[in-house]
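Below is one structure, written out as structure tokens, with a few remarks after it.
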Amino acid sequence: MKIVVCVKRVPDTEARIRVRGPAGIDAAGLKYVLSPYDEFALEGALRLKDSSPDTEVVALSLGDDSVAEQLRTALAMGADRAILVRGASSDDGFAVARSIAAVVRNESPDLLLFGVKSADQGQQQVGPMVAELLELPCVTAVSSFRLAEGSVRADRELDGGTATFEASLPCVLTITKGEYEPRYPSLRGIMLAKRKPVEEVDAPAEAPRVRLLSLDPPPERPPATILEGGADAIPELVQRLRRETGVF
Amino acid sequence: MKVLAVAETRDGGLRASSLEAMTVARTIADAGGGEADALLAGGAGVAEHAADLARYGADTIFVAEHESLATLPVERLASLARVVIAENAHDVVVLSATAFGSDLAPRIAAKLEIPLAGDATAVEIADGELRITRPVYGGRAFATIAIDLSPRIISLRPNVFGPQERPAAGRVERVVDLPQAGPHAKLLEVRASTSTALDVSEAAVVVSGGRGMRGPENWHLLEELCAAIGPHCSLGASRAVVDAGWRPHSEQVGQTGRTVAPRLYIAVGISGAMQHLAGMRTSATIVAINKDPDAPIFRVADYGIVGDAFEIVPRLTEEIRRLRAAG
Chain U
1 MKIVVCVKRV
11 PDTEARIRVR
21 GPAGIDAAGL
31 KYVLSPYDEF
41 ALEGALRLKD
51 SSPDTEVVAL
61 SLGDDSVAEQ
71 LRTALAMGAD
81 RAILVRGASS
91 DDGFAVARSI
101 AAVVRNESPD
111 LLLFGVKSAD
121 QGQQQVGPMV
131 AELLELPCVT
141 AVSSFRLAEG
151 SVRADRELDG
161 GTATFEASLP
171 CVLTITKGEY
181 EPRYPSLRGI
191 MLAKRKPVEE
201 VDAPAEAPRV
211 RLLSLDPPPE
221 RPPATILEGG
231 ADAIPELVQR
241 LRRETGVF
Chain F
249 MKVLAVAETR
259 DGGLRASSLE
269 AMTVARTIAD
279 AGGGEADALL
289 AGGAGVAEHA
299 ADLARYGADT
309 IFVAEHESLA
319 TLPVERLASL
329 ARVVIAENAH
339 DVVVLSATAF
349 GSDLAPRIAA
359 KLEIPLAGDA
369 TAVEIADGEL
379 RITRPVYGGR
389 AFATIAIDLS
399 PRIISLRPNV
409 FGPQERPAAG
419 RVERVVDLPQ
429 AGPHAKLLEV
439 RASTSTALDV
449 SEAAVVVSGG
459 RGMRGPENWH
469 LLEELCAAIG
479 PHCSLGASRA
489 VVDAGWRPHS
499 EQVGQTGRTV
509 APRLYIAVGI
519 SGAMQHLAGM
529 RTSATIVAIN
539 KDPDAPIFRV
549 ADYGIVGDAF
559 EIVPRLTEEI
569 RRLRAAG
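So the sequences go chain by chain: U and F.
Numbering follows the numbering used here, in which position 88 of the first sequence is assigned residue number 88; successive positions increment by one, without gaps.
Numbering follows the numbering used here, in which position 313 of the second sequence is assigned residue number 561; successive positions increment by one, without gaps.
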């Protein structure tokens, strides 16, 4: 069994993002992490490896030298090897999908996992696009999955429910928060990771088709009106909300 | 510009988010003097929703009605959409970024070999150019982009745009040539969530609880408040309480949970971590109840009450009940 997990380097989800210039962010002092949803996907793969040790888990990331840091984290968590796909991780999701699909095709994994979305762009597109390009079945927003003979059963989160799908292998799953609380790399894992291979391949150049016009901080909300008096302020609050929102 | 809105039905009705998509499609079409169409696919009886789409601005409604489409299989719908878009030369495709729309949109995009502009919070036409604004870094910044090709495909954050009635011709055109199913996952079973009737992402009012609620045994206070507000209210939760196992992940609001934009968001005992604010800061009105006057949640709130949730929430419930009883 071979599992490829695609991971992305993103700014720490708790860090303050400072917009700088017309279309950039201030990267000084910004800490980068593995995108949280990708950690769930990696954990899902590692649990299969825990139960059947002949499973090979490969972490793959698209970007420049900097993504090696996140690939090392994936190796320290327990991935067997890593592939750095040298290319531009742009806003053009289809271009990204094409770069990844070209490399995955050569790896021919039984299972290809993604986080349901990246913590920076958050558009939920690359996983299902790679599936379309490779003509593989795909289930998105999976909170839990288990293998059966030649197939996988996956629980997908809906708006207000869960759906169970069955897909034959090979297939693509995009993983959301659910069963896979990610493990911390152990000291031994960190030591072992240093000796594990990180291969490099070049992605073909893609002409970006998404033009970033501006990047802005979130719109300022006017300062809160603090109603004094604790619970005694309730009648006034309710009157205001009724007038302004009309929801009750 | 010629625009196509892709509609979604559930429980025998058209979802409100689809009317938003239709409204945005109409707005884009009008700005460029073009047509706004809709794609309506589903099982037997789905055609009856064509009239609703006409009321919200559809010139032509492409209806694909077949038993095999009843469960809205995304692989087949993506193939269907590609054919409709190619045959009618649509320049822009609009969907709502619901669970269904977020699953379908990238598959249509891949078939057209184009990028998706996902989770948009604003769409405008300026200087003849379609400009799309969407949150990045989990809502810690907003990017405005243009895409240099046609067609373009956009998914909209639900509840942000609001539907507007603008009646149009609503000519129905039946799509009879349904594409074959390619590689796909087989749907085995659907289980509805048991916690609340309404999903947190589509509620007009969300009452969310955090660590300040002190334990799952106190959630009845929030449930009672939600019930007093009415059936359009749903419960949410902070990541801390979901991680602690007090509430299910389906209720989590924030970066690794749901993104919500209700008309009213009431945060009770939630301090307002960056990743939580990411999931709710586009709400129309935000009320924060917290005993810490310095809690970051007050920085995004419209109204704040500093005090003990156990005293304030029951009073709030009582006051809303009283007001609703008075009519």
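The beta-carbon is built from N, C-alpha and C at its ideal position, and this holds for glycine as well.
is_contact[residue i, chain F] using C-beta, thresh 9 Å
| i | result |
| --- | --- |
| L111 of chain U | no |
| A148 of chain U | no |
| A234 of chain U | Note that residue 234 of chain U is Ile in the sequence shown here, rather than Ala. Interface residue, yes. |
| A231 of chain U | yes |
| D26 of chain U | no |
| Q70 of chain U | no |
| P222 of chain U | yes |
| I311 of chain U | With chain U represented from 1 up to 248, any question about residue 311 of chain U goes unanswered, as that position is not in the structure. |
| F114 of chain U | no |
| A95 of chain U | yes |
| I17 of chain U | yes |
| G21 of chain U | no |
| E43 of chain U | no |
| D38 of chain U | no |
| S66 of chain U | no |
Endpoints, the alpha helix (DSSP H) within which residue i is located
| i | result |
| --- | --- |
| T275 of chain F | 264 to 279 |
| D351 of chain F | 347 to 360 |
| S99 of chain U | 93 to 107 |
| V251 of chain F | Unbroken run through V251 of chain F is the beta strand (DSSP E), 251 to 254; no alpha helix (DSSP H). |
| S51 of chain U | 36 to 51 |
| I568 of chain F | 557 to 574 |
| E315 of chain F | First-last for E315 of chain F: undefined, no H or E at that position. |
Which of helix, strand or coil DSSP assigns to residue i
| i | result |
| --- | --- |
| D367 of chain F | strand |
| V424 of chain F | coil |
| A205 of chain U | coil |
| F114 of chain U | strand |
| Y304 of chain F | coil |
| E236 of chain U | helix |
| G552 of chain F | strand |
| I17 of chain U | coil |
| F546 of chain F | helix |
| V448 of chain F | helix |
| T55 of chain U | coil |
| A141 of chain U | strand |
| A131 of chain U | helix |
| E200 of chain U | strand |
| L241 of chain U | helix |
| E377 of chain F | strand |
| L71 of chain U | helix |
| V384 of chain F | strand |
| S403 of chain F | strand |
| S66 of chain U | helix |
| V33 of chain U | strand |
| E413 of chain F | coil |
Short CB-CB distance (under 9 Å) between residue i and chain U
| i | result |
| --- | --- |
| Q412 of chain F | no |
| F310 of chain F | no |
| K250 of chain F | no |
| I333 of chain F | no |
| Y304 of chain F | no |
| R563 of chain F | yes |
| E428 of chain F | Before going further, note that residue 428 of chain F is Gln rather than Glu in the sequence given. It does not; no Cβ of chain U falls within 9 Å. |
| H297 of chain F | no |
| P354 of chain F | yes |
| T533 of chain F | yes |
| I511 of chain F | Before going further, note that residue 511 of chain F is Arg rather than Ile in the sequence given. With 9 Å as the cut-off, R511 of chain F counts as an interface residue toward chain U. |
Delimiting residues of the beta strand (DSSP E) encompassing residue i
| i | result |
| --- | --- |
| A88 of chain U | Element bounds for A88 of chain U: n/a, residue is neither H nor E. |
| L287 of chain F | 284 to 290 |
| G229 of chain U | G229 of chain U -> no beta strand (DSSP E), and no H or E assigned at all. |
| F390 of chain F | 389 to 395 |
| V10 of chain U | 9 to 11 |
| R439 of chain F | 434 to 440 |
| S214 of chain U | 210 to 216 |
| K2 of chain U | 2 to 6 |
To test your reading of the DSSP string, which unbroken alpha helix (DSSP H) runs of 4 or more residues are found completely within the stretch 452 to 530 of chain F? 468 to 477, 487 to 491, 522 to 528
Is the number of C-beta pairs between the stretch 75 to 89 of chain U and the stretch 97 to 109 of chain U that are closer than 8 Å three or more? yes
Beta strand (DSSP E) runs contained entirely in the stretch 147 to 195 of chain U, provided each spans 3 or more residues: 151 to 158, 161 to 168, 171 to 175
So within the stretch 320 to 348 of chain F, which uninterrupted beta strand (DSSP E) runs reach at least 3 residues, ignoring any that extend past its ends? 340 to 344
Given 8 Å as the limit, is there contact between the stretch 465 to 480 of chain F and the stretch 184 to 191 of chain U, that is, 3 or more CB pairs closer than that? no
Any chance the stretch 295 to 303 of chain F sits against the stretch 259 to 273 of chain F, with 3 or more Cβ pairs inside 8 Å? yes
Specify whether the stretch 113 to 125 of chain U and the stretch 147 to 155 of chain U touch according to this definition: at least 3 beta carbon pairs, one from each stretch, less than 8 Å apart. no
When you compare the stretch 325 to 335 of chain F with the stretch 51 to 65 of chain U, are there three or more beta-carbon pairs, one atom per stretch, that lie closer than 8 Å? no
Do three or more CB pairs link the stretch 24 to 37 of chain U to the stretch 233 to 242 of chain U at distances below 8 Å? no
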